[in-house]
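Chemist: Numbering (this note's numbering), first residue to last: -19 to 70. Please read through the structure below; I'll follow up with questions.
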């Protein structure tokens, strides 16, 4: 025999790490501020992508690119590939 759920005793099922059902997202966001680990993870990824752009542009210029625009184009391609790799990796 299945008992009906009594009012006020309902069990909420939630996903770990997400706000529980019925709670305010602002209160949840205030209680779960970004940690230093999350911030450093993002800055590391941005630094890797920008570093790849700078190194590829400098290498293209050193290897005799016809103009700085072509060197930046090579850097842009390497930047896009790096960002794609970082997205797929995580």
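Even for Gly, the Cβ is constructed at its ideal location relative to N, Cα and C.
Is it a yes or a no for the stretch 55 to 63 touching the stretch 23 to 36, going by three-plus beta-carbon pairs under 8 Å?
Modeler: Yes, since at least three Cβ pairs between the stretch 55 to 63 and the stretch 23 to 36 fall closer than 8 Å, the two stretches touch.
Chemist: Just to confirm the assignment, what range does the alpha helix (DSSP H) spanning residue 51 have?
Modeler: Here residue 51 is taken as the residue at index 71 of the chain shown, counted from 1. That run of the alpha helix (DSSP H) goes 48 to 69.
Chemist: With burial defined as no fewer than 16 other Cβ atoms inside 10 Å of the residue's Cβ, what is the status of residue 19: buried or exposed?
Modeler: If you number the chain shown from 1, residue 19 lands on position 39. Exposed: under 16 other Cβ atoms inside 10 Å.
Chemist: Please classify residue 37: is it buried, with 16 or more other beta-carbons within 10 angstroms of its beta-carbon, or exposed?
Modeler: By 1-based counting over the chain shown, the position of residue 37 is 57. The residue in question, residue 37, is buried, as its Cβ has 16 or more Cβ neighbours within 10 Å.
Chemist: Can you tell me the Cα-Cα spacing of residue 51 and residue 21, whole angstroms?
Modeler: Locating residue 51 in the chain shown gives position 71, counting from the first residue. Locating residue 21 in the chain shown gives position 41, counting from the first residue. So the two alpha carbons sit approximately 29 Å from each other.
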